[in-house]
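S.K.:
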């Protein structure tokens, strides 16, 4: 076979190898969508509570609003951390794809760099999911404890 054909075939194999990380990026993008939706709901709820806090003069009611606002702040921090870690993970996965192509085009061994980037991406993604899990635990705890907020009308 001629060397151009061999280069095309090996490039095709590199592209096939790069497809798996691209699917991972798609999964991370879906996770970012979930995180964005959760953060938007938290933000909307916090804005509702802040409006109620400004107009209310009942100290006990204001205290319960403040307690819920604190819980929402903790949840938003978890989501922010998960979002940041997910984006960093996606960046490292992109670096894996880029390094795969550079390794082939330049004919240099970047196996350690590729492996390190992939392991780093997985570690960041694990931490992002742990942060999301922490936010879900906070939300669930607030709901269990949260029947104390039953007197707050969500639709206002």
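In our numbering, the protein residues as written are 143 to 298. A virtual CB, placed ideally from N, CA and C, is assigned to each residue, including glycine.
#1: Skipping 5 residues on each side, what residues in its chain have a beta carbon closer than 6 Å to that of residue 173?
#2: Identify the continuous alpha helix (DSSP H) that holds residue 274 and give its terminal residues.
#3: State the CB to CB distance for the pair residue 191 and residue 210, rounded to an integer number of angstroms; the pair is presumed to be in contact (CB under 8 Å).
#4: Roughly how far, in whole angstroms, is the beta-carbon of residue 231 from the beta-carbon of residue 263, given that I think they are within contact range, below 8 Å?
#5: Among 234, 152, 205, whose alpha-carbon lies nearest the alpha-carbon of residue 163?
#6: How would you call residue 215, buried or exposed, if buried means at least 16 neighbouring beta carbons within 10 angstroms?
#7: How big is the Cα-Cα spacing for residue 196 and residue 158?
#8: Residue 247 to residue 152, Cα distance in whole Å?
M.R.: The structure says:
#1: Residue mapping note: residue 173 aligns to position 31 of the chain shown, counting from 1. Taken in chain order, the residues that qualify are 228.
#2: Sequence index remark: in the chain shown, residue 274 carries index 132 (1-based). That run of the alpha helix (DSSP H) goes 253-287.
#3: Position 49 of the chain shown, counting from 1, holds the residue named residue 191. Position 68 of the chain shown, counting from 1, holds the residue named residue 210. Indeed, because the Cβ distance is near 6 Å, the residues count as touching under 8 Å.
#4: Translated into the one-based positions of the chain shown, residue 231 becomes position 89. Translated into the one-based positions of the chain shown, residue 263 becomes position 121. That pair is a contact at about 5 Å.
#5: Position 21 of the chain shown, counting from 1, holds the residue named residue 163. Taking only the C-alpha atoms, the option nearest residue 163 is 234.
#6: Residue 215 sits at position 73 when you count from the first residue of the chain shown. Residue 215 is exposed by the Cβ-count criterion.
#7: Along the chain shown, one-based indexing puts residue 196 at 54. Along the chain shown, one-based indexing puts residue 158 at 16. Rounded to whole angstroms, residue 196 to residue 158 spans 58 Å at the Cα level.
#8: Taking the first residue of the chain shown as position 1, residue 247 is located at position 105. Taking the first residue of the chain shown as position 1, residue 152 is located at position 10. The alpha-carbon atoms of residue 247 and residue 152 are separated by roughly 10 Å.
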